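In this note's numbering, the protein residues as written are 5 to 78.
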């Protein structure tokens, strides 16, 4: 079975796995070669997650309120 792009789900999943492994390898190289501490990376990751949550929650609430106001909520 294929999707709209014509690629099989197995091929898409393997591409996703390979890209995640590449990101992990990049982080390991960064930690080893550039002496970046894991604590620093985790702290920045938490800041990014907090920022995304601060953006995502209000926008989703606004979207919900607009759809409720227009009567299109199912």
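Every residue, glycine too, gets a C-beta built ideally from N, C-alpha and C. Values in this document were obtained by computation on a predicted structure and should not be read as measured data.
Judged by DSSP secondary structure, residue 51 falls within the alpha helix (DSSP H) whose first and last residues are 42-74. Here residue 39 carries a coil assignment [DSSP, helix/strand/coil]. The Cβ-Cβ distance between residue 34 and residue 42 does not fall below 8 Å. DSSP, reduced to helix, strand and coil, places residue 12 outside both helices and strands of the structure shown, so it counts as coil.
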